[in-house]
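As structure tokens, the structure follows; a few thoughts come after it.
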Amino acid sequence: MQIEFYKYQGTGNDFVMIDNRAGIFPKENTELVAHLCDRRFGIGADGLILLDTDADTDFRMVYYNSDGNLSSMCGNGGRCLVAFAKKLNIIQNETTFIASDGLHYATVSEENIVSLQMIDVTEIKNTSEYSFLNTGSPHHVQLVADLENYNVKENGATIRYGDLYGKEGSNINFVKKINENTFSLRTYERGVEGETLACGTGATAVAIAMNATGQTNLNAINLNVEGGKLSVSFDIENGKYTNVFLKGPAEFVYKGRIEI
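Going by numbering that gives the first Met the number 0, the first residue of the sequence shown is number 0, and it counts up by one from there.
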């Protein structure tokens, strides 16, 4: 069987997109998903996303990591899916959709700049060395010296597979403060098991963690990721982070057909 796919990227985080409203994709076939995401033998991507039907919202997001397994929320993937839904004329300039972590609202401009509402964050673990929080996916946030030359893959894997997070693991973000409203980050993503050029839930986690630990007092923060620039804004009330929005570009790369 041949399927049509679309390739999207958001600040270098790339995804295979499939319109699955007809329900033809074999969702349980993790080997197929991993094959399609393989950069040498398949299409190549950080993850695969199905656009499914949903009775109560515009669509449902089904996200797989590149290892083929269903995963938690992906912020850049969600932004790319919104741009994909617009390309398919499912939506115009705003939408609500359902994902693994619940309901999301988003807007998309004519230039495919997508602003995606993320989940509220009510719990943050802060220590002298790191912060841990869930922004739809679990994230470890840690300031480091010399971010540019830091061994993200080795050090990220050590923390991800260490005793701190157990079998489930966590995504690991290493951060450098540029100024009051700008931070740079590099992310080791579980499921990819390596560094990606961007991570949307990671950028969201970094922005909130930097505010929660007093590195910034601002509630609108710019994030430099390896693949470009993102921004995160939020409201704060009694230590609760609400109206959290992740904003950045979501670009169509190409479409094609592949035999499965």
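For each residue, glycine too, the CB sits at the ideal point set by N, CA and C.
Quantities reported herein were computed from a predicted structural model and do not represent experimental measurements.
| Asked | Found |
| --- | --- |
| Does DSSP put residue 207 in a helix, a strand or coil? | helix |
| Any heavy atom of the ligand NAD closer than 7 Å to the beta-carbon of residue 51? | The ligand NAD is absent from the structure shown, which contains no ligands of any kind. |
| In the DSSP assignment, the beta strand (DSSP E) including residue 6 goes from what residue to what residue? | 1-9 |
| Output yes if chain C places a C-beta closer than 8 Å to the C-beta of residue 69; else output no. | Structure shown: chain C not included; a single protein chain is present. |
| For the stretch 83-128, list the beta strand (DSSP E) runs that are entirely contained and at least 3 residues long, ordered along the chain. | 93-98, 101-107, 112-116 and 123-125 |
| Could you tell me how far apart the beta carbons of residue 118 and residue 135 are, in whole angstroms, since I believe they sit closer than 8 Å? | 5 Å |
| Could you give the residue range of the beta strand (DSSP E) that holds residue 42? | Unbroken run through residue 42: none, as it is neither H nor E. |
| Could you tell me the distance, in whole angstroms, from the CA atom of residue 8 to the CA atom of residue 130? | 28 Å |
| Going by alpha carbons, who is nearest to residue 226 out of 13, 97, 4 and 1? | 13 |
| According to DSSP, residue 257 sits in a beta bridge with which residue or residues? | 2 |
| Report the option in 76, 168, 19 and 121 whose CA atom is closest to the CA atom of residue 249. | 76 |
| For the beta strand (DSSP E) that contains residue 219, what are its first and last residues? | 219-224 |
| Taking DSSP as the reference, what is the three-state secondary structure of residue 188? | strand |
| With C-beta atoms as the reference, is residue 116 less than 8 Å away from residue 98? | no |
| State the DSSP-derived secondary structure class of residue 64, mapped to helix, strand or coil. | strand |
| How many Å lie between residue 36 and residue 235 at the Cα? | 38 Å |
| Quick one: grab the DSSP three-state call for residue 148. | helix |
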